[in-house]
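Numbering (the UniProt record's numbering), first residue to last: 1 to 262.
Every residue gets a Cβ at the ideal spot worked out from N, C-alpha and C, and that includes glycine.
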């Protein structure tokens, strides 16, 4: 079910890892960001839009991880975009096929249209569509060509896999020379627009209000700095205080510590 979080902006939260799909109302249809996970959920989303006379006219994937590259035939054949590096990375990673079991992909996830995105020219500042201006804030934290999206008119920041209340910062420890600095640079980029944001939508987790935007940036920065220093962070997302069902995040933290220590 779609939940309105701001004027002209709705969110659908999947049962899979609290994944958030974002719908933005345009003049002739909607922009769909990170479309969803389960096939029945995306079909329901398409039906909900049809019931109110709307169709998807553009899609966008925030980064090249499988759970942000999905699509369903019921959503139509609108152009789907990502940053140039996101699209290139997705194409390269999918060239050899995908192993759903190894990646932990549920059986009812439709993979037929996985990763069919068009890379926007490098340094593209806005999503090309007939609707509110959606600024592309590209950085290299978490995944190559990761983009946060700022819907300026509605003061909404779609953060991709950052600024979550349940997931710690997950660094791209395999893909960059300095994953810690890449993450800190991305947080500075998001902080530069935080004053114009009332709503933050993470890729996974709860939607946050204006009081949460800077707080989540600060929390993520504190975690990354602790990680860099080999310390145990005082972070409620890690350890016994983690939200029920998210205890595995502590294993991710330990893995990141080990990789950075190498």
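Given this structure, state the Cα-to-Cα distance separating residue i from residue j, to the nearest angstrom.
| i | j | result |
| --- | --- | --- |
| residue 33 | residue 249 | 25 Å |
| residue 12 | residue 3 | 6 Å |
| residue 28 | residue 44 | 20 Å |
| residue 85 | residue 119 | 7 Å |
| residue 77 | residue 175 | 32 Å |
| residue 216 | residue 182 | 17 Å |
| residue 138 | residue 210 | 22 Å |
| residue 235 | residue 53 | 44 Å |
| residue 95 | residue 141 | 23 Å |
| residue 125 | residue 87 | 16 Å |
| residue 70 | residue 111 | 7 Å |
| residue 264 | residue 51 | As shown, the chain starts at 1 and ends at 262. That puts residue 264 outside it, with no answer to give. |
| residue 292 | residue 100 | Residue coverage of the chain in this structure runs from 1 to 262, which leaves residue 292 outside it and unanswerable. |
| residue 91 | residue 167 | 26 Å |
| residue 35 | residue 230 | 36 Å |
| residue 56 | residue 130 | 12 Å |
| residue 180 | residue 17 | 24 Å |
| residue 21 | residue 208 | 15 Å |
| residue 226 | residue 67 | 28 Å |
| residue 63 | residue 132 | 21 Å |
| residue 108 | residue 123 | 36 Å |
| residue 38 | residue 1 | 13 Å |
| residue 189 | residue 224 | 15 Å |
| residue 192 | residue 171 | 21 Å |
| residue 221 | residue 201 | 18 Å |
| residue 89 | residue 178 | 18 Å |
| residue 242 | residue 184 | 23 Å |
| residue 25 | residue 65 | 25 Å |
Look up residue i in the DSSP assignment and give the residues it is bridged to.
| i | result |
| --- | --- |
| residue 151 | 134 and 156 |
| residue 241 | DSSP lists no partner for residue 241. |
| residue 33 | 22 and 60 |
| residue 13 | 20 |
| residue 118 | 81 |
| residue 201 | 158 |
| residue 208 | 200 |
| residue 6 | 9 |
| residue 216 | Answer by DSSP bridge pairing: none, since residue 216 is not bridged. |
| residue 126 | 135 |
| residue 146 | 139 |
Assign residue i to one of two classes, buried (16 or more other C-beta atoms within 10 Å of its C-beta) or exposed (fewer than that).
| i | result |
| --- | --- |
| residue 186 | buried |
| residue 251 | exposed |
| residue 254 | exposed |
| residue 143 | buried |
| residue 245 | exposed |
| residue 259 | exposed |
| residue 240 | exposed |
| residue 159 | buried |
| residue 233 | buried |
| residue 41 | buried |
| residue 195 | exposed |
| residue 262 | exposed |
| residue 23 | buried |
So residue i and residue j are in contact, right, with Cβ under 8 Å, and what is the actual spacing, rounded?
| i | j | result |
| --- | --- | --- |
| residue 60 | residue 31 | 7 Å |
| residue 127 | residue 156 | 13 Å between Cβ atoms; not a contact. |
| residue 75 | residue 98 | Between residue 98 and residue 75 the Cβ distance is about 20 Å, and since that is not below 8 Å, they are no contact. |
| residue 136 | residue 83 | 7 Å |
| residue 162 | residue 148 | 7 Å |
| residue 173 | residue 197 | So it is not a contact: roughly 28 Å between Cβ atoms. |
| residue 154 | residue 6 | 4 Å |
| residue 117 | residue 80 | 5 Å |
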